[in-house]
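Going by this note's numbering, the letters in the sequence shown line up with residues -14 to 398, in that order.
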Amino acid sequence: MPSKGAVSDYMTEPSAPVEQNAPEQDVRRRAVFFIPGFDPIGARRYRELYRTQGAEQAGISGYSLGMDGTPRRDGTYGWSAELRDGDQVSEADIRFLGWNDLVRDAMSDSALMAYWQMVRTAGIYIFSGALLRLIRLRTVPMVIALYPIVMMAFYFNLSFWLAAAAHRLSPPGIDFVVGMVVFLLMMRLTRSYDQKHLYAFYLMSDYAFAARRRGRMPEPLARRVASWTDQIEQRIGSVDEVLVVGHSSGAALAVHVVAELSRRGAGPVSLLTLGQVIPMVSFLPTAADLRRDLRDVAGAQSVYWLDVTAPSDGACFALADPVATAGVSRDGDPNPIVISGTFLRTLSPEQLVAYKRRYFRKHVQYLCAFGRPGVYDYFKITAGALSLRSRFGDRGSTASRKVAPVSWFKKVD
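So, in structure tokens, the structure goes:
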């Protein structure tokens, strides 16, 4: 396997997959463990996404993909998939590692609590210096990170000045009551509208959760990650590949899991991180546990880690090596391999038009079908006949990735 410093031709590869000299099938049975990002919606949404988008990708790419949603007896949620590509047949047991209950608990219905979260979270990122460092790393995702603060401030000011106008126009004696009623009503209406259309309160809850302990993982989530680690360890050795997939903020959780597996000497594991926002946590003062796990996974020979981001996805830190930019990489580390999803070339013209102003839709595209598929095919990766290492092992990282250490905080546990 080439070192992570090797230059890849991924950015210049033609859109159509090249099957010349393709490796022989090395996976017939695979166990996949999917960790979503900060999402209050549970597993059924992701199963349906896999079913519909997988069928679409199979039709475009010329293979067949079947699914079985039989409930698991061990209480976990998941589904089975079978992919047939020519004479190659492979099966995948896909488990959803959910934490949507913890997400819902973190999303307060109280407007007062939401604004307190905003003030506290902004203070942590600003006064720790993490905000400036994150802006230096990638400007676009940090503009999106500031979006909920701007929108929530707008909602408050709109409500306040309408209430002030109502107070001024009301008869003496009831003016205060009228003003207060208008203020509270407008705050409720703006939040209701936001939850359906603009998602500023949701994004603020996401950032507040990450910064709750200034970067260190909250205890309830740490216990959940420990249980996932035990569950995954049981499958190592019983299948041809164990693949851990982390999407968005779930990428950091996937790193925690795989780091612990490598420390236990559990065996070979493949790690796929998609649309990662790891620096949002790793740049914070007390995220030493995450920086330690990034360092450990980066140096683990038993792990093959592929990190896929896309510059057109403004909600991720595109092409930013999460280990190097956190300042914890070491010479000779085999991981991660950082490549671009090249959405602008692999989405069809119709998809590009349809998703043009749907900025958050692009953040989910890693889990979806591409009209002009290239080497990245989520369904072949998760259910196909080649392991992650076999499929991408002869590729190095893209030359345009960011590797300069940016974080001020480099302490590890």
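From the three backbone atoms N, C-alpha and C, an ideal C-beta is built for every residue, glycine too.
Fair warning: this is a prediction, and the values are worked out from it, not measured in the lab.
* Whole angstroms is fine: what's the gap from L183's alpha carbon to D90's? => 21 Å
* Alpha carbon of Q219 to alpha carbon of G252, nearest angstrom -> 11 Å
* Asked: What are the start and end residues of the beta strand (DSSP E) that includes Q73?
  -> Q73 to F81
* Let me know the secondary structure DSSP gives R374 once reduced to three states. => helix
* Asked: Which residue or residues does DSSP assign as beta-bridge partners of T175?
  -> Per DSSP, none; premise fails for T175.
* CB contact below 9 Å: G378 versus chain C -> This model lacks chain C altogether, as it is built from one protein chain only.
* Taking C-alpha atoms, which residue in P334, T310 and L332 lies nearest to V323? -> T310
* Take I129 as the anchor and find which of C301, P205 and D362 has the nearest alpha-carbon. => C301
* Close beta carbons around A96, own chain, < 7 Å, minus the five adjacent residues each side -> M172 and R176
* Asked: Are the beta-carbon atoms of D78 and S93 separated by less than 9 Å?
  -> no
* Would you say the stretch 65 to 74 touches the stretch 100 to 114, given that touching needs at least three Cβ pairs under 8 Å? -> no
* Asked: With respect to the beta strand (DSSP E) encompassing A239, which residues constitute its N-terminal and C-terminal limits?
  -> Taken as a continuous stretch (DSSP letters only), A239 belongs to no beta strand (DSSP E), being part of the alpha helix (DSSP H) at G235 to R249.
* To do: Could you give the DSSP three-state label for A66: helix, strand or coil?
  => strand
* Classification of T(-3) by the beta-carbon crowding that lies within 10 angstroms, buried from 16 upward -> Unreliable positioning characterises T(-3) in this predicted model, as indicated by a pLDDT of 32, which lies under 50. The coordinate reading is nonetheless provided below. Under this definition T(-3) is an exposed residue.
* Can you give the Cα-Cα distance for W213 and V240, rounded to whole angstroms? -> 12 Å
* Rounded separation between V388 and Q261 - CA only -> 15 Å
* To do: Just tell me which of N320, F81, F268 and P319 has its CA closest to the CA of G114.
  => F268
* Asked: So is A1 buried or exposed if we call it buried at 16+ other beta carbons inside 10 Å?
  -> Residue placement at A1 is poorly supported in this model, since its pLDDT is 39, which falls under 50; the coordinates are not used for a value here.
* Expected contact under 8 Å - CB spacing of P296 and T331 to nearest Å -> About 13 Å; that fails the 8 Å criterion.
* To do: Pick helix, strand or coil for Y340, following the three-state DSSP scheme.
  => coil
* Among the residues of its own chain, which have a CB less than 8 Å from the CB of Y(-5), if the five just before and after it don't count? -> Caution is warranted here: a pLDDT of 32 is assigned to Y(-5), below 50, making its placement in the model unreliable, and the coordinate value is therefore given only provisionally. Excluding sequence neighbours, Y(-5) sits near I324, S325, T327, V360, R380 and T383.
* Skipping 5 residues on each side, what residues in its chain have a beta carbon closer than 6 Å to that of R80? -> F18, T61 and G63
* Pick helix, strand or coil for F302, following the three-state DSSP scheme. => coil
* To do: Please say whether L352 and Y363 have beta carbons closer to each other than 9 Å?
  => yes
* Outcome for F112 when other beta-carbon atoms lying within 10 angstroms are tallied against a minimum of 16 -> exposed
* Asked: Among residues of its own chain, excluding the 5 on either side of P133, which ones have a beta-carbon nearer than 6 Å to its beta-carbon?
  -> A185, L188 and M189
* Excluding the five sequence neighbours on either side, which residues of its own chain have a C-beta within less than 7 Å of the C-beta of V88, listed in chain order? -> F23, D24 and P25
* Enumerated in chain order, which unbroken segments of the beta strand (DSSP E) with a length of 3 residues or greater are wholly contained in the stretch 149 to 208? -> none
* Three-state secondary structure (DSSP) of W393 -> coil
* Asked: In terms of DSSP beta bridges, what is S255 paired with?
  -> L228 and Y289
* To do: With a threshold of 16 other CB atoms inside 10 Å of the CB of I434, please say whether the residue is buried or exposed.
  => This structure gives no information on residue 434, because the portion of the chain shown stretches from -14 to 398.
* M52 lies in the alpha helix (DSSP H); which residues open and close that run? -> Careful: M52 lies outside any alpha helix (DSSP H), inside the beta strand (DSSP E) at S49 to D53.
* **V323, enclosing alpha helix (DSSP H) - first and last residue** => Taken as a continuous stretch (DSSP letters only), V323 belongs to no alpha helix (DSSP H), being part of the beta strand (DSSP E) at I322 to S325.
* To do: Check the DSSP bridge columns for K387 and list the partner residues they point to.
  => A305
* Asked: Under 9 Å between the Cβ atoms of L257 and G284?
  -> no
* Closest residue to L169 among A149, S314 and L154 (Cα-Cα distance) -> A149
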